[in-house]
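When we follow the working numbering, the leftmost residue of the sequence shown carries the number 1, and every step to the right adds one. The block underneath contains the structure these notes are about, expressed in structure tokens.
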Amino acid sequence: MSPVIDQAVRAGLITSDAQVQDMTAVLSYRRDDPLAIRICFPPRASLAGSDVAWVFGRDLLAQGLDGPAGEGDVHVRPFGDDLTVLEFHASVGTAMVRMETPDLRRFLQRSYLLVPAGSEGSHWDVDAELAALLRQA
């Protein structure tokens with residue numbers, strides 16, 4: 001099994017006038033970074049016209065599928081039976097994106113097959129992460 005999961009998902013960027021711009025986003029999960037999920041949006045989702053990527057906790061996504069979750073830059077909450085809304089807060093504003101809940105659940109299930117919940121610590125190379133941080137300093 002590959003140590004990386006990439007899954008394209010349909011996303012709807014909710015605009016300030018309550019319209020929805022449909023697009024494809026890519027969810028990513030890596031065995032060597034077992035606590036994090038990455039999501040990348042295409043350039044048209046950005047004010048700067050470039051790809052936009054966010055990183056947040058796998059647990060946050062899992063919790064947000066069943067009820068409101070998040071206190072920082074990323075919030076996740078159910079929106080009806082089949083949609084989930086992700087809110088991304090940045091200094092330039094807030095972006096709200098809706099996604100189909102079954103797609104998110106399928107992605108999470110695939111991530112749990114790669115790294116079961118509760119075993120993240122055994123897949124994280126703390127020494128390598130520390131060495132990488134020190135190289136950047």
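By construction, the Cβ of each residue, glycine as well, lies at the ideal position given by its N, Cα and C atoms. Computed from a prediction, not measured in an experiment: that's the story for all the values here.
Under a 10 Å Cβ-count criterion, T84 is classified as buried, with 16 or more other Cβ atoms of the shown protein chains found around its own Cβ.
The beta carbon of S28 sits closer than 6 Å to those of D6 and R38, all from its chain and outside the five residues before and after it, given in chain order. DSSP places G72 outside both helix and strand once states are collapsed to three, so it counts as coil.
Judged by DSSP secondary structure, T101 falls outside any beta strand (DSSP E) and instead within the alpha helix (DSSP H) spanning T101 to L114.
Annotated as distal: Q21 and R58, with beta-carbon spacing of 9 Å or more.
In this structure, the beta-carbon distance from L13 to A95 falls below 9 Å. Secondary structure at P43: helix, using DSSP grouped into helix, strand and coil. A residue is called buried once 16 or more other Cβ atoms fall within 10 Å of its Cβ, and G64 is buried on that count. In this structure, D82 sits near E100, with a CB-CB distance shorter than 9 Å. Taking 8 Å as the upper bound for CB-CB distance, A62 and L114 are not in contact here, some 14 Å apart. Residue range V4 to I14 is occupied by the beta strand (DSSP E) that includes R10. Within the DSSP secondary-structure output, P78 pairs in a beta bridge with T84.
Membership of D22 in the beta strand (DSSP E) is indicated by the continuous run V20 to R30. If you ignore the 5 residues before and after D103, its C-beta comes within less than 8 Å of the C-beta of Q7, V9 and R10, all in its own chain and listed in chain order.
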